[in-house]
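Single-structure report; data block below.
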Ligand code: CAA
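Numbering (full-length UniProt numbering), first residue to last: 1 to 258.
What follows is the structure, given as structure tokens:
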């Protein structure tokens, strides 16, 4: 499917979704967000996709929600349309793993989009920030909640209150990103990670995602019980039999998502 604001390529079980509004540093307008929701839904339903990468350009992953589009809206406009709710749900509802490959600016909604993915690989030039305070608003796609869980209250307050940016090294130190790579290697590294994930059972990667995400939603005791029951349930799958047999027979497993 052709999109106005995205370029989507599917190859070797990996869907690469590139945000493509270069003139606006990939600012997230309603077209881009609804196309992204569609593209994620399509990738989730596509048996030839086992992992998704969302990326931007070298200069910007995304410089935030589109300020031009929002500037004249009223409270009633925002509230009645529940602005960002459907799009933000679409990302979170995606069951296949999503890697954010971030270079340059990931600000406001851009930082929030990256954080809504399952993990972030950043280039050395990545800059993360929640500068909504400078616009007289707060974050609107989960920034105050996710950043606080990822980097702790002190850094989150610092970033939300001062609007300062965090560079890639600080983001890695703080646990916001999983790895930092040179700009020229960003997509190669993201593709390598996605290829590793795509080798696994798609059924099991979805289970991992559900279990890790559960840790943000529940108590430790309930989360551990959820994990243990998932672990038990996976013994009903062919992929568990295949994975363990392959180990014992010293060969590569052939997973079939069953
Ligand atoms: N919305 C709309 N347009 C944007 C944009 C945004 N968030 N960010 C950049 N652009 C546009 C600029 O208006 C400019 O367009 P024109 O050439 O038509 O003027 C173009 O992208 C290039 O931007 P700059 O000239 O500003 O580029 P720069 O290199 O000098 O600065 C920057 C880069 C520091 C990222 C700067 O563009 C900037 O501060 N952008 C806004 C960042 C921001 O405040 N993000 C939060 C948005 S609100 C939000 O996201 C709410 C939420 O949580 C959901």
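Glycine is no exception: its CB is placed at the ideal position from the N, C-alpha and C atoms.
query                                                                                                                                     : result
Opposing strand residues paired with residue 105 [DSSP bridges]                                                                           : 60, 127
Any non-hydrogen atom of the ligand CAA within 7 angstroms of residue 56 CB                                                               : no
Beta-carbon contacts of residue 140 that lie in its chain and below 6 angstroms, excluding the five residues immediately before and after : 84
Cα-Cα separation, residue 317 to residue 236                                                                                              : Not covered by the structure: residue 317. The range shown for the chain is 1 to 258.
Under the three-state DSSP convention, the category residue 54 falls into                                                                 : strand
Unbroken beta strand (DSSP E) run spanning residue 197, endpoints                                                                         : First-last for residue 197: 186-199, but that is the alpha helix (DSSP H), not the beta strand (DSSP E).
Integer-rounded CB distance, given that residue 122 should sit under 8 angstroms from residue 168                                         : 5 angstroms
DSSP-derived helix/strand/coil call for residue 86                                                                                        : helix
Limits of the unbroken beta strand (DSSP E) element including residue 18                                                                  : 14-19
Beta-carbon proximity of residue 288 to residue 198, cut-off 8 angstroms                                                                  : One cannot answer for residue 288 here, as it falls past the ends of the chain, which runs 1 to 258.
Three-state secondary structure (DSSP) of residue 7                                                                                       : strand
Exposure label - residue 23; buried when at least 16 CB within 10 Å                                                                       : exposed
Proximity of residue 99 and residue 118 at Cβ, strictly below 8 angstroms                                                                 : yes
Local Cβ density within 10 Å of residue 88, reported as buried at 16 or more and exposed below that                                       : buried
Supposed contact pair residue 165 and residue 128 - C-beta distance, whole angstroms, cut 8 angstroms                                     : 7 angstroms
Test item: CB-CB of residue 2 and residue 17 under 8 angstroms                                                                            : no
Any alpha helix (DSSP H) of 4 or more consecutive residues that is wholly inside the stretch 224-257                                      : 238-248
Residue 105 CB to nearest heavy atom of the ligand SAM below 7 angstroms                                                                  : This structure lacks the ligand SAM; its bound ligands are the ligand CAA.
Alpha-carbon to alpha-carbon, residue 249 and residue 142                                                                                 : 46 angstroms
Alpha helix (DSSP H) segment containing residue 173, residue limits                                                                       : 168-173
Residue 136 vs residue 64 beta-carbon contact at 8 angstroms                                                                              : no
Any non-hydrogen atom of the ligand CAA closer than 7 angstroms to residue 132 Cβ                                                         : yes
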